[in-house]
Amino acid sequence: EDQVTQSPEALRLQEGESSSLNCSYTVSGLRGLFWYRQDPGKGPEFLFTLYSAGEEKEKERLKATLTKKESFLHITAPKPEDSATYLCAVQARDTDKLIFGTGTRLQVFP
Amino acid sequence: GAVVSQHPSRVICKSGTSVKIECRSLDFQATTMFWYRQFPKQSLMLMATSNEGSKATYEQGVEKDKFLINHASLTLSTLTVTSAHPEDSSFYICSARALGSGGQYYEQYFGPGTRLTVT
């Protein structure tokens, strides 16, 4: 069964304190792994898609990496505005569906 | 690009009434849209996949007669919650499938969500 597990469930960081969020997955043939940011009461905002092991993508203070079993979202020198829930989702090769993890709730304090 | 809107953003209705939620792709055509619901502090659960011009495909456990989905054009899908009950209160989010920036693969872009409260 396709499955996505995210850790930690919640993370509190001081402004400028870099860290990583983990997304472990099992899927029958990966088409893509997606990272989204979700603010309270809003829909998910697209961040990255990764398609193959070894791939990396960056956007401002965020960098996503992918292996055959997991993905990391690295946050470098975070700011309070980076506070949000970060969702990871996978898509299997033979479907349009996304399977979501339960997210990591990130809080960055000044 | 790839902007998705939803209307209304919030709705309160009485038990037994029906509510329609609209999902629009603003700057692209979407042959496939998706409807999710999300409970507080939980992740997104796919309810159904909506294909333009054909019947929606519902996930196991989702009542198709209760959650009516219509995808009549390439930019609009609607979700109607019929005979709503308090347990239908939730955050409903749609997404639309669009080609990513590389032009090779499809990605899902989400609307801002609709908060439904049934009293």
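Respectively, the protein sequence lines represent chains S and R. Take the first sequence: its letters are residues 1 to 110, numbered as in this note's numbering. Take the second sequence: its letters are residues 1001 to 1119, numbered as in this note's numbering. Each residue gets a CB set at the ideal place from its N, CA and C atoms; glycine is no exception. All of these numbers come straight from a predicted model, not from anything done at the bench.
query: Pick from R/His1007, R/Thr1057, R/Gly1053 that is closest to methionine 1047 of chain R, judged by C-alpha positions; result: R/Thr1057
query: Same chain, Cβ closer than 8 Å to serine 83 of chain S, neighbours up to 5 away in sequence not counted; result: Leu106, Gln107, Val108
query: Neighbour flag for arginine 1024 of chain R against chain S, beta carbons, 8 Å; result: no
query: 8 Å Cβ cut-off: residues of chain R touching lysine 42 of chain S; result: Pro1112, Gly1113
query: Partners in chain R for threonine 104 of chain S, counting only beta-carbon separations shorter than 7 Å; result: The premise fails here: threonine 104 of chain S is roughly 11 Å from chain R at the closest Cβ pair, so nothing lies under 7 Å.
query: Glutamate 1107 of chain R: first and last residue of the uninterrupted beta strand (DSSP E) it sits in; result: 1106-1110
query: C-alpha gap between leucine 98 of chain S and alanine 1072 of chain R, whole angstroms; result: 23 Å
query: Exposure of glycine 32 of chain S, with buried meaning 16 or more beta-carbon neighbours within 10 Å; result: buried
query: Threonine 1080 of chain R: contacting residues in chain S (beta-carbon distance under 7 Å); result: Within chain S, no residue comes near threonine 1080 of chain R; the closest Cβ sits about 19 Å away, beyond 7 Å.
query: Alpha carbon of serine 1054 of chain R to alpha carbon of lysine 1014 of chain R, nearest angstrom; result: 31 Å
query: Neighbouring residues, chain R, relative to lysine 97 of chain S (Cβ below 9 Å); result: Phe1034, Leu1046, Thr1049, Glu1059
query: Anticipated Cβ contact below 8 Å, leucine 1116 of chain R with serine 1077 of chain R, distance rounded; result: In fact, because the Cβ distance is near 16 Å, the residues do not count as touching under 8 Å.
query: Serine 1083 of chain R versus valine 1062 of chain R: straight-line alpha-carbon distance, rounded; result: 15 Å
query: Beta bridge counterpart(s) of phenylalanine 34 of chain S as assigned by DSSP; result: S/Thr49, S/Ala89
query: Amino acids of chain S, ordered along the chain, whose beta-carbon sits closer than 8 Å to that of glutamine 1042 of chain R; result: Thr102
query: Identity of the residue in S/Trp35, S/Ser52, S/Ala53 nearest glutamate 45 of chain S by Cα; result: S/Trp35
query: is_contact[tyrosine 25 of chain S, chain R] using C-beta, thresh 8 Å; result: no
query: Any C-beta of chain R under 8 Å from that of phenylalanine 109 of chain S; result: no
query: Nonlocal neighbours in the same chain, by C-beta distance under 6 Å from phenylalanine 25 of chain S, ignoring five residues either side; result: Checking the displayed sequence, the identity of residue 25 of chain S turns out to be tyrosine instead of phenylalanine. If we look at tyrosine 25 of chain S and ignore the five residues flanking it on each side, its Cβ neighbours are Val4, Val90.
query: Tyrosine 111 of chain S at chain R interface by Cβ criterion, 8 Å; result: A query on residue 111 of chain S cannot be resolved here, the shown segment of chain S reaching from 1 to 110 and no further.
query: Identity of the residue in R/Ala1098, R/Ala1030, R/Thr1075, R/Asp1065 nearest serine 1018 of chain R by Cα; result: R/Asp1065
query: Rounded C-alpha distance that separates lysine 42 of chain S from tryptophan 1035 of chain R; result: 15 Å
query: For glutamate 1087 of chain R, three-class secondary structure by DSSP; result: helix
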